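Number of protein chains: 2
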Amino acid sequence: MKHVPFTDVKLSDNFWAPRVETNRQTTLDIQYNHLIETGRIAGLDPRYKPGDHTAHHPFWDSDIAKWMETAAYALATQPDPELEAKLDAVIEKFAELQGDDGYTNSWITAVEPSKRFANLRDTHELYCAGHLIEAAVAHFRATGKRHFLDIVCRYADYIDSVFGRDEGKLRGYPGHEEIELALVKLFDVTGNERYLRLAEYFIDERGQQPHYFDIEARRRGEDPAAWRHKSYEYNQSHVPVREQSHVVGHAVRAMYLYCGMADIARLTGDTGLVDACERIWSDVTRRHLYLTGGIGQSRTNEGFTKTYDLPEETAYCETCAAIGLVLWNHRMLQLTGEGRFADCMERGLYNGTISGVSLTGDRFFYDNPLASAGGHHRQEWFNCACCPGNISRLIASVSGFYYSVTDDAVWIHLYGAGEAHVSVAGCQVKIKQGTAYPWDGDVTISVNPEHSADFGLALRIPGWCRRAELSVNGQPLEGVVARKGYVTVKRRWRSGDTLVLALEMPVERMYANPKVRSTNGKVALQRGPVVYCLEQVDNPFTPLNRVALPRASRLTSTFEGSLLGGVVTLSGEAMLIEDDGDQALYRSTPIPLRPAPIKLVPYCVWDNREPGEMLVWLREQA
Amino acid sequence: MKHVPFTDVKLSDNFWAPRVETNRQTTLDIQYNHLIETGRIAGLDPRYKPGDHTAHHPFWDSDIAKWMETAAYALATQPDPELEAKLDAVIEKFAELQGDDGYTNSWITAVEPSKRFANLRDTHELYCAGHLIEAAVAHFRATGKRHFLDIVCRYADYIDSVFGRDEGKLRGYPGHEEIELALVKLFDVTGNERYLRLAEYFIDERGQQPHYFDIEARRRGEDPAAWRHKSYEYNQSHVPVREQSHVVGHAVRAMYLYCGMADIARLTGDTGLVDACERIWSDVTRRHLYLTGGIGQSRTNEGFTKTYDLPEETAYCETCAAIGLVLWNHRMLQLTGEGRFADCMERGLYNGTISGVSLTGDRFFYDNPLASAGGHHRQEWFNCACCPGNISRLIASVSGFYYSVTDDAVWIHLYGAGEAHVSVAGCQVKIKQGTAYPWDGDVTISVNPEHSADFGLALRIPGWCRRAELSVNGQPLEGVVARKGYVTVKRRWRSGDTLVLALEMPVERMYANPKVRSTNGKVALQRGPVVYCLEQVDNPFTPLNRVALPRASRLTSTFEGSLLGGVVTLSGEAMLIEDDGDQALYRSTPIPLRPAPIKLVPYCVWDNREPGEMLVWLREQA
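These protein sequences, in sequence, are chains Z and U.
With my numbering as the guide, the letters of the first sequence map in order to residues 329 to 950.
With my numbering as the guide, the letters of the second sequence map in order to residues 329 to 950.
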């Protein structure tokens with residue numbers, strides 16, 4: 329299965345389309361300004377000396393690269409000479425930074441030139457290289473210009489000359505994964521197998537004994553045991569990747585690794601890697617996943633903790649980690665065609681990733697907790713600014729998650745108003761979706777092949793949907809059963825054929841596995857793929873958890889076109905513990921309850937109005 | 329009102345008496361061994377050089393002093409030549425350590441001799457001095473020997489010569505309060521007003537402008553703003569103490585300060601100090617107090633956070649802080665004769681202080697959370713070992729909290745089997761309590777004056793008690809109303825007179841103010857002064873919060889003589905969320921419940937059996 333690139337899918341829905349536009353018009357601009365103002369761009373100058381302008385940061389190159397990747401995505405869909413000129417100027421800076429041998433990293437070049445590849449465990453050289461490669465691939469695809477691609481090929485060739493199993497090479501691999509998946513992209517676009525082999529090497533060498541990070545630490549004169557993260561689980565190098573079954577360590581690192589594993593598996597049919605991905609996926613989704621698609625419970629390691637440990641207010645849920653989860657699931661979906669991966673991807677897309685940016689496109693969450701006592705708000709920028717650029721490149725290319733093609737079928741993974749151009753069974757087909765998804769489950773799909781043609785149309789029946797109906801040209805299809813999350817309609821398609829898919833989308837009360845301590849006795853509300861939350865601005869009482877939702881309460885959903893860009897809100901009657909003021913702290917009589925209306929908004933748009941408390945999981949009155 | 333010293337009250341109940349004995353026989357011994365093994369005693373040697381034996385710690389002197397104070401209390405009630413010899417030897421070490429000028433601090437003497445009184449904000453010189461004084465006063469009272477008392481008088485005289493408002497003196501005061509209350513004890517025992525004046529000076533100078541800790545920091549060449557605790561609220565010196573209304577900062581420091589304020593007020597009738605204590609007391613008990621009498625919510629500052637912020641699992645509730653609360657409330661009680669202070673003192677005594685030591689007397693909690701996921705256990709000792717010695721000295725002198733006398737009345741604050749000898753209205757009276765308190769609310773009090781005499785007997789009607797009956801010599805007293813928590817029976821008492829007090833002691837369901845986020849929808853169980861908890865060892869399911877207690881469930885209490893030293897347990901039927909194994913993490917159908925018996929034990933004895941989870945606040949099914 330091959331995904332249809334974002335350039336061939338144009339969204340016109342009210343959820344993503346405005347965000348793509350805001351991202352292009354606002355976010356790209358403000359992020360560029362932050363890169364300038366913080367000295368990140370200035371730091372690319374090979375004449376830069378520590379102390380110039382501002383502090384320099386070991387992985388600022390990647391912040392710049394993510395902006396470049398986003399800019400390339402923007403150029404791919406809409407010409408913008410000014411943006412293109414800006415981008416070209418930054419590419420030129422990387423060209424000037426690049427050493428004669430191809431090495432391209434501003435921090436090492438300016439600050440620690442003697443430490444090149446001396447501490448893969450902690451520095452982010454290969455991680456930055458990965459993002460630079462991703463940006464260059466995006467730029468080449470968007471513009472056809474080879475200049476940037478040539479720069480990263482030279483750098484990748486140099487990296488390949490340094491690392492590997494051959495005599496004289498370093499047996500190292502990145503402390504922060506990312507280059508693996510980037511090298512596969514570079515292979516995809518160049519066809520040069522060298523990059524695929526290097527990615528494979530990085531994946532397979534990871535966690536082998538004797539452990540490279542031990543060797544490397546001793547070479548630096550350090551005791552490997554003195555490392556602050558203690559266990560190599562932190563960067564998933566505790567055992568070779570094929571032996572891994574549990575999700576561990578830093579969440580973003582983990583996700584990028586699994587993306588790379590899935591990529592290699594796609595190209596090589598390596599079942600050992602698929603099996604490991606499947607085991608780990610099962611562990612993540614059964615024991616470590618927040619309802620929002622957020623992952624990585626703890627701030628301490630920016631990553632995973634114990635199974636079923638899913639605290640709400642302290643949930644770290646880094647935006648980058650949710651993005652990584654989406655990217656990995658997208659790859660698993662291409663590999664297997666199974667809807668459970670699309671379900672997971674969709675959960676992340678509509679909730680825990682996109683919460684990472686304000687509707688205005690200029691403020692960002694680094695962490696995305698599921699409850700807030702009122703102190704959590706989006707920031708304009710971060711010193712460690714991985715998330716803003718990451719959510720930005722995701723939004724710019726989000727339409728690439730919607731469709732795939734196989735030899736004889738078109739797959740629709742996600743629903744949303746818009747148009748796609750796909751090629752299947754030797755035929756160009758324009759597919760148009762008319763729908764208010766994710767606010768409504770009715771989807772009208774018109775199929776317009778350039779000539780009538782036989783192929784299948786595989787429609788995802790989301791995991792959240794209990795009842796779906798389907799008709800073709802007005803004729804209901806009876807007895808249609810989804811297989812692994814997809815219903816495939818095979819027929820000779822003619823221009824103007826219309827499918828109508830009706831996905832029942834009631835408000836669902838969601839319950840967590842009782843092994844999850846923090847959510848016992850609580851309920852969360854979800855409608856379609858969208859997870860809801862209570863915000864203080866709509867529910868003026870504090871603490872918000874004074875409210876409990878009776879199990880029998882009827883909940884109604886209403887589309888409010890002028891609220892938060894147009895969202896469906898939920899409302900119903902709950903029971904509120906009366907605030908009796910500054911009375912005794914403890915009493916032996918229960919506190920009176922009174923009925924109170926509550927209103928919930930999609931989690932992803934919280935903190936876009938007056939600041940206040942927020943709650944996803946509500947106490948339930950059973 | 330003057331409290332009856334612990335030496336005049338002998339307890340024979342099953343709660344405190346065995347603990348006093350274990351404390352004397354086991355805890356004193358093992359603590360002495362820890363003092364030896366960790367090099368604390370060795371560090372007293374004036375010839376000690378840093379690097380000898382073991383690391384030396386800025387406030388180890390206070391650990392030793394608390395052991396000495398406890399040993400003195402033990403000697404006061406039971407001769408023990410071996411213990412007395414040990415104690416004399418340690419006193420001799422302090423004598424050798426003491427400088428010609430009277431200065432007595434092992435850390436400064438050995439490690440930083442040039443830093444004497446150079447950093448009152450952070451070092452613990454005056455705090456250690458305070459504990460040394462308390463120990464010496466206890467020793468003098470127990471043995472009549474003046475040697476130790478003379479040492480601390482010399483030290484106190486020296487301190488008095490250094491600090492004060494006179495020309496040439498330092499305008500400093502301790503960063504960690506403690507010496508204030510100790511100086512009052514020293515005044516009590518010596519009658520030397522100099523110590524009282526010095527205590528008053530320390531209290532009144534605190535928080536004055538220009539701020540001494542600013543001046544002192546600049547003198548050290550430091551920027552006062554660079555201090556890690558940021559605000560002088562940390563040590564309650566943000567404003568002068570008379571202007572304070574809210575409890576702030578490090579909890580133990582705060583409590584010791586308030587003790588000192590109450591002490592001064594008792595001796596000087598200073599209403600400004602009483603008013604401040606009252607305002608702060610109201611803030612603590614209405615907004616910052618755990619049901620267990622624990623205080624200081626946060627590990628970060630070992631102290632107070634925001635109002636109504638009372639998280640359970642992360643509750644810091646240092647044992648020392650609860651002890652400080654008891655000490656302060658005992659003083660407020662003497663000052664006012666109001667039962668609310670006795671209620672607060674009793675809450676601390678039966679719950680959040682005594683939880684700090686195992687029933688075996690050899691393991692200790694530093695922090696006393698109200699919930700545990702299974703990882704919280706008592707330790708043998710701590711590097712920062714303030715708590716073990718503190719709980720030890722509290723236990724050794726606990727009977728001193730039971731009685732007070734005024735000119736014409738005997739006050740009984742606490743109930744418990746035992747005997748007291750008091751002097752009231754010129755008459756010696758032996759008072760005997762027969763009761764199974766705290767496990768039962770029936771108390772038989774026999775009053776035996778050496779000759780018949782007129783005086784009042786003020787009996788506390790605890791705040792937790794909704795209905796009390798009282799009879800004298802078999803005659804019910806009708807229409808007796810408690811005033812400020814006490815019922816006073818005035819009559820001519822004759823030997824053999826018997827009062828019977830029946831305090832109704834049902835299981836009470838306790839609810840917290842709904843402003844407390846963490847306990848909304850939850851209930852805790854209390855019976856008499858004893859707060860209960862669920863332990864995994866009695867309730868074999870995990871997580872423990874899978875259980876919810878229906879509001880209508882009947883709870884029964886049973887005395888189990890062979891369990892945990894003899895305690896009343898509570899049992900009832902709750903509803904348990906069924907564990908359905910490693911199923912889907914999220915589902916849209918409620919998880920089935922089943923009835924399940926639960927059993928609760930007193931909070932103070934948790935973690936004395938197999939390790940596991942613990943929970944004070946249970947979800948309630950309303």
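Note that the Cβ used here is the ideal one computed from N, Cα and C, for glycine as well.
Values in this document were obtained by computation on a predicted structure and should not be read as measured data.
Just reading off the alpha helix (DSSP H) that residue i is part of, what are its end residues?
i, result
"Z/N776", "No alpha helix (DSSP H) holds Z/N776; the beta strand (DSSP E) holding it covers 770-777."
"Z/A446", "Here Z/A446 belongs to no alpha helix (DSSP H), and DSSP marks it neither H nor E."
"Z/L509", "507-518"
"U/W609", "599-615"
Any beta-carbon of chain Z closer than 8 Å to the one on residue i?
i, result
"U/D611", "no"
"U/Y839", "yes"
"U/S725", "no"
"U/I623", "no"
"U/G849", "yes"
"U/E863", "no"
"U/P842", "yes"
"U/Y914", "yes"
"U/R627", "no"
"U/R444", "no"
"U/R375", "no"
"U/D907", "yes"
"U/A745", "no"
Give a yes or no on whether the minimum CB-CB distance between residue i and chain U is below 8 Å.
i, result
"Z/I926", "no"
"Z/N873", "yes"
"Z/C606", "Here residue 606 of chain Z is Glu; the residue named in the question, Cys, does not match the sequence. Not an interface residue."
"Z/V918", "Looking at the sequence shown, residue 918 of chain Z is not Val but Pro. So, interface residue."
"Z/E836", "yes"
"Z/Q949", "yes"
"Z/I789", "no"
Check whether the Cβ atoms of residue i and residue j lie closer than 8 Å to each other.
i, j, result
"Z/L328", "Z/R855", "Since the first residue shown for chain Z is 329 and the last is 950, residue 328 of chain Z is missing from the structure and cannot be characterised."
"U/L928", "U/Y860", "yes"
"Z/V944", "Z/E640", "yes"
"Z/V771", "Z/Y765", "yes"
"Z/T826", "Z/I773", "yes"
"Z/R837", "U/S390", "no"
"Z/I723", "Z/N342", "no"
"U/C813", "U/E666", "Note that residue 813 of chain U corresponds to Gly in the displayed sequence, not to Cys. Yes, the pair counts as a contact, with Cβ atoms nearer than the cut-off."
"U/T398", "U/L339", "no"
"Z/L454", "Z/L460", "no"
"U/I645", "U/G631", "Note that residue 645 of chain U corresponds to Cys in the displayed sequence, not to Ile. No, these two residues do not count as a Cβ contact at 8 Å."
So who's on the other strand from residue i, going by DSSP bridges?
i, result
"Z/C861", "Z/V929"
"Z/K338", "Z/E747"
"Z/Y914", "U/A840"
"U/A902", "U/A924"
"Z/F491", "Z/L498"
Check for me: the beta strand (DSSP E) holding residue i runs from which residue to which?
i, result
"U/F783", "781-788"
According to a CB-to-CB cut-off of less than 7 Å, which residues of the segment 635-659 of chain Z neighbour chain U? none
Using a Cβ-Cβ cutoff of 7 Å, what residues of the segment 749-777 of chain U are near chain Z? List them in chain order. none
Members of the segment 460-491 of chain U near chain Z, C-beta cut-off 7 Å: none
Relative to chain U, which residues along the segment 665-689 of chain Z have a C-beta separation below 9 Å, given in chain order? none
Residues from the segment 396-412 of chain U in contact with chain Z, defined by Cβ distance under 8 Å: none
For the segment 795-829 of chain Z, which residues have a CB atom closer than 8 Å to at least one CB atom of chain U, in sequence order? none
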